[in-house]
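Count the sequence shown with numbering that gives the first Met the number 0 and you get residues 0 to 237, in order. Backbone N, C-alpha and C define an ideal beta-carbon position, used for all residues, glycine too. Note that the coordinates shown come from a computational prediction; the quantities given were computed from them, not determined experimentally. These notes concern the structure reproduced below.
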Amino acid sequence: MVHGGVKFPSVFVVDSKARPPPLPPKPGRRQRREVIQTLLVILVFVALFGMVVEACFIYYLYTSNEKPTPSSDQQTAMSKQDKEHKVPPKQKPSGAIDPSKPMAQLTTGHTGIGIMLWNQSQESILYRIKHNEKEGKLIIEQDGFYSIYSKIHFEETNLYWTHSVSRTSPRYTGGEMLLLQSSRQRPKPMRPGSRTLDNSFLSGVFNLFKGDAVFVRVEECKLVFSNSAENYFGVYMV
């Protein structure tokens, strides 16, 4: 620059290629980065802790299913003992096994009015078949083919004597249906004071339905000798 013939050096020099100095980082951004890093570390620890808990839970379930605890075994044994004590010994004696099909057998019959009545004793069997004690009937609870049998021990007389098995059914309104029968009559009169004992046995297979009832008829019930080994009545599905 020239002023009055005197040269002065240039005070301001402009360098077009120079860059401005970098600005200092704002304090807010640095704090945000630290907070985000801390949250990421916490989330990683939480995820790892959840995986450990899940693994422990799966291992516990696997071991508990494979080997039951002693407490569960004791509770099961106690419940079985309670159930066995609740069952009357008459219905389920020690070591008894239920039949595979419906069946019934009654013994020790006693006399009624034309119909044999039966007592339920220790030797009796009743499985899925009902017993009407007042009427001496066995009531079927499941459709099927059944074998029916009856044996009577009696005293012979000069009278006409019959032993039969009859059936009643809600499917038929005609009354009793005769299934089996045995008839006895002595052709010659008996000598005074003489006594003759005999047996009558009946057996057959019939198609019975639910609600059907079968029973034993005897013409002279007073001639029957009550004995559990000599008199019995039974039904079983074949």
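Query: Of the residues Ser165, Thr107 and His130, which one's Cα is nearest the Cα of Val204?; Result: Ser165
Query: Would Cys220 be called buried (16 or more neighbouring beta carbons within 10 Å of its own) or exposed?; Result: buried
Query: Helix or strand or just coil, what does DSSP make of Val237?; Result: coil
Query: Where are the beta strand (DSSP E) runs, 3 residues long or more, that stay fully inside the stretch 154-233, in chain order?; Result: 160-167, 176-183, 195-207 and 212-217
Query: When the Cβ atoms of the stretch 139-149 are set against those of the stretch 161-181, are three or more pairs found closer than 8 angstroms?; Result: yes
Query: For the beta strand (DSSP E) containing Ile128, name the first residue and the last one.; Result: Ile128 to Asn131
Query: Of the choices Thr172, Ser182 and Val215, whose alpha-carbon is the least far from that of Thr156?; Result: Ser182
Query: Could you tell me the alpha carbon to alpha carbon distance between Glu175 and Asn131, rounded to whole angstroms?; Result: 16 angstroms
Query: Buried or exposed: where does Val223 fall if 16 or more other Cβ atoms within 10 Å of its Cβ makes it buried?; Result: buried
Query: Does the beta-carbon of Thr68 have 16 or more other beta-carbons within 10 angstroms, so that it is buried, or is it exposed?; Result: With a pLDDT of only 49 at Thr68, under the threshold of 50, the placement of this residue in the model should not be trusted; the figure read from the coordinates follows. With fewer than 16 other Cβ atoms within 10 Å, it is exposed.
Query: Hey, how far is the Cα of Phe144 from the Cα of Asp197?; Result: 30 angstroms
Query: Do you know offhand how far Lys85's Cα is from Gln184's?; Result: A caution first: Lys85 carries a pLDDT of 48, below 50, which makes its placement in the model unreliable, though a value can still be read off. For Lys85 and Gln184, the distance between alpha carbons rounds to 51 angstroms.
Query: On the CB-based measure, 16 or more other CB atoms within 10 Å of its CB, does Leu207 come out buried or exposed?; Result: buried
Query: DSSP three-state call for Gly49: helix, strand or coil?; Result: helix
Query: Might you give, ordered along the chain, the residues of its own chain that have their beta carbon closer than 8 angstroms to the beta carbon of Pro88, omitting 5 neighbours on each side?; Result: Confidence at Pro88 is low in this model, with a pLDDT of 44, below 50, so its placement is unreliable and no value can be given for it.
Query: Rounded to whole angstroms, what is the Cα-Cα separation between Leu38 and Gly49?; Result: 16 angstroms
Query: Helix, strand or coil for Ser99? Go by DSSP, reduced to three states.; Result: coil
Query: Using the beta-carbon count (16 or more within 10 Å), is Ala103 buried or exposed?; Result: buried
Query: Compare the C-alpha of Tyr159 against each of Met236, Val217 and Asn226 and name the closest.; Result: Val217
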